[in-house]
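Residue numbers (our numbering), protein chains in the order written: chain V, 1 to 476; chain A, 1 to 476. The beta-carbon is built from N, C-alpha and C at its ideal position, and this holds for glycine as well.
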């Protein structure tokens, strides 16, 4: 008798699988206002771990956290022409406050470059105040017509970094450092994510930037998702807000700036990059719960044992949860932990006690794979598990990378690119053969240039560097 | 020659002193939209430490973090009559989104009871789902007519807890636990704050609650400030949103609820409770920087030494910053660290190197007090400082408590209470002698009942318990 699957199988309908997963793993619910979301405790626990890991890496660059207001005078946004053009269609506008109509409407921040620059102009006086490196953890609102939980929501949580530097080179290098070493290292080392580091085309650039660096990941269905971006803003906002510093030679110079953001979208990316038909697979280094110790039945000896094992593993530095809710059937709980993607299950029943073993089930390797589900001696757990967790962390990255490599093809023309990306998958096209015209033709088929890379896969210093390759795909 | 004071002296003009301090210690700036604020890195660093300490205590109760949307349909607020009456005058209303007028206006959350209950109604099915204990760290907006940085701002940051329980007693006990053991213990043990734990009168209760518990602190000028509140919501929101659970006996019962919040106002309270004419005094257990090691002059030996000391103290578990910015005059830097209230300065100059000593300056004890500024052997620092920091932590609490005790008087009538509180200071009045009528008469003199306590200083179980004493004061 075939079991009814808990989730719509990925191969049947990937977007439906995603929606089922977000719901059944209790990651998030739709909010009452169109496009907003409620992040449930299990989803928020993932975000908290992401925040902690990212925050430490951001602070290592010398940046400090601060907080800028949610509400921005509408007039601020209009000071930078491209910026307002980019964001105007997505704004939420507050027209009434304290029971009265406001003299000037204020917008709920869609991003904070404008209000940040208003204050940078006051705080930056001399070259001694540079570089000024600020980050904030905040919510932003961008009205969303086609919302999808975590991926595109009208409100999302993020960190946004804003920096000011004395020279173009310093700003450029800082944006690159965030791109590769804050976002890149974090996503690869903690989230076990595979991605391509590249440069956006002029069409895909952040509104107001002179260069946008991106990390593009391949999801389970072969589509692309932008995982994070780091922008060189040049002097665009500095000019609009007159952000200047007194240089050593006594002249007053405009600063060079960067901004960079990563969002709760990473939770959706995690699901779509590592998830399978049984649910999430959470990388062990990220997982709020790395190991769950389950009591199969509610007899006293078993309950005592699961708590004993829980204590021992906790003492070994593992993030453990004990599941002793034996009034809920074991099968239902096991399926739930699978859905939630906890890396390792340690299952303990009366028979295990007698044999001195427990059943070790590896969510990432898979219970049907050799070694994916096998009895191990209780006493071996504390030494065995750290190795298992690191192996499975590595496996996730290997699998994601292998998928991208197998589903990326080299093509020469727009038509070939459209064909190669139609069923999911990425295509590499010489940028010289594509250009803005080719980019426009791809767009007719809902295919975009995700980023440009050099021939040997590095991040190009300019859009028109000879040999640049465009990575094109359908995307979320 | 008398020095021009860095801050307006407290005795001359306390509100002005506060404003100077917030500005010069670089805690916050006014935002462009009336009543909003920019929290600068030093101020935000205090908030981050508060968050970390509070978050751990909140999680110890079994509560989990989640995130609910910023934008709430206006109709949600109207479902609980007292709630909407209380918050309607303070709402910020979004009428346009994505370039269009919205069909139903949405409000920027002033608090989240309504939207939380909408989801609790879905998540709570049976008694097995209770208690449901949720917390969120978020921003809220309450339009403010008389803003003051940190104390009353149109947007502020806070944590708001929301819980649902099976019985009245469980909810009551949980609200009390948060009041005394999460807020109370944290504020006393980490913030070195002195306060009275009490119960609000019906007039001062949270809009929609059946009981509000409060912590009231005395500021440097004798006025009161509400430091945090914990509410019993009874079944008011459960009724409005039909939040029910299936009891063991098969009946469907309304849940009993609590909510509780503490905000960035604590930063203002910290300044006004512990600050002096030289600036902030940050409790060592809170301080992001507990010890600053200053190079007096920029010669190589001194610079090497401050970094050596910094490393040694860091290794001893102390939060240290090294100040080697010797292109800025030493005096200016010393004043700045005083303003910022860093508990201990270790000053290192060429003469100190020769003698093997450094100058230890204790911000909290005070540089003019015996032992407040004296040379100590370099080698003794790592063992001496932990003791110094704990002593100074205790001293702040002792000083705050002594001030409250000396400035609180027992009175019998409304007139005496008005007189006793006119110049700052609190009065204790028998609640039976005051009542709602007396409360209204006090209000004519801008004096409010901050809370009710029992004769022996405990938190009363009811407003009308015989012997209840009203603590009355002017307040922020």
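Can you name the residues of chain V whose CB is closer than 8 Å to the CB of residue i?
| i | result |
| --- | --- |
| residue 535/A | With chain A represented from 1 up to 476, any question about residue 535/A goes unanswered, as that position is not in the structure. |
| residue 93/A | 94, 95, 96 and 97 |
For residue i, decide whether its Cβ has a neighbour in chain A, counting only Cβ atoms nearer than 8 Å.
| i | result |
| --- | --- |
| residue 99/V | yes |
| residue 329/V | no |
| residue 37/V | yes |
| residue 307/V | no |
| residue 303/V | no |
| residue 127/V | no |
| residue 437/V | no |
| residue 48/V | yes |
| residue 360/V | no |
| residue 468/V | no |
| residue 472/V | no |
List, in order along the chain, the chain A residues whose C-beta lies closer than 7 Å to that of residue i?
| i | result |
| --- | --- |
| residue 31/V | 69 |
| residue 106/V | 33 |
| residue 118/V | 32 |
Does the beta carbon of residue i sit closer than 8 Å to a beta carbon anywhere in chain V?
| i | result |
| --- | --- |
| residue 19/A | no |
| residue 462/A | no |
| residue 53/A | no |
| residue 73/A | yes |
What residues from chain V crowd round residue i, counting only those whose CB sits closer than 9 Å?
| i | result |
| --- | --- |
| residue 258/A | Those do not exist, as residue 258/A stays about 17 Å from chain V at its closest Cβ, beyond 9 Å. |
| residue 115/A | 31, 32 and 38 |
Can you tell me the Cβ-Cβ gap for residue i and residue j, rounded? I've got them flagged as a contact below 8 Å.
| i | j | result |
| --- | --- | --- |
| residue 222/V | residue 269/V | About 14 Å separates the two Cβ atoms, so there is no contact after all. |
| residue 21/V | residue 279/V | 6 Å |
| residue 307/A | residue 322/A | 6 Å |
| residue 258/V | residue 231/V | 6 Å |
| residue 472/A | residue 421/A | 6 Å |
| residue 201/V | residue 449/V | 5 Å |
| residue 32/V | residue 115/A | 7 Å |
Under 8 Å between beta-carbons, which chain A residues line up against residue i? List them in chain order, please.
| i | result |
| --- | --- |
| residue 139/V | 70, 138 and 139 |
Beta-carbon separation of residue i and residue j under 8 Å?
| i | j | result |
| --- | --- | --- |
| residue 342/A | residue 309/A | no |
| residue 452/V | residue 463/V | yes |
| residue 339/V | residue 283/V | no |
| residue 454/V | residue 435/V | no |
| residue 66/A | residue 147/V | no |
| residue 124/A | residue 245/A | yes |
| residue 46/A | residue 364/A | no |
| residue 250/A | residue 113/A | no |
| residue 186/A | residue 101/A | no |
| residue 160/A | residue 111/A | yes |
If the cut-off is 7 Å on Cβ atoms, which residues from the region 146-180 of chain A count as contacting chain V, listed in chain order? 155 and 157
Output needed in chain order: residues of the region 75-90 of chain A with a Cβ under 8 Å from some Cβ in chain V. For the region 75-90 of chain A, which is checked against every Cβ of chain V, the residues closer than 8 Å are 76, 88, 89 and 90.
Residues, ordered as in the chain, of the region 217-248 of chain A that lie near chain V by beta-carbon distance below 9 Å: none
Going along the chain, which residues of the region 311-344 of chain A sit with their C-beta nearer than 9 Å to a C-beta in chain V? Flagged, chain order: 325, 327 and 328.
Relative to chain V, which residues along the region 409-439 of chain A have a C-beta separation below 9 Å, given in chain order? Residues are counted here when their Cβ sits less than 9 Å from a Cβ of chain V; for the region 409-439 of chain A the count is zero.
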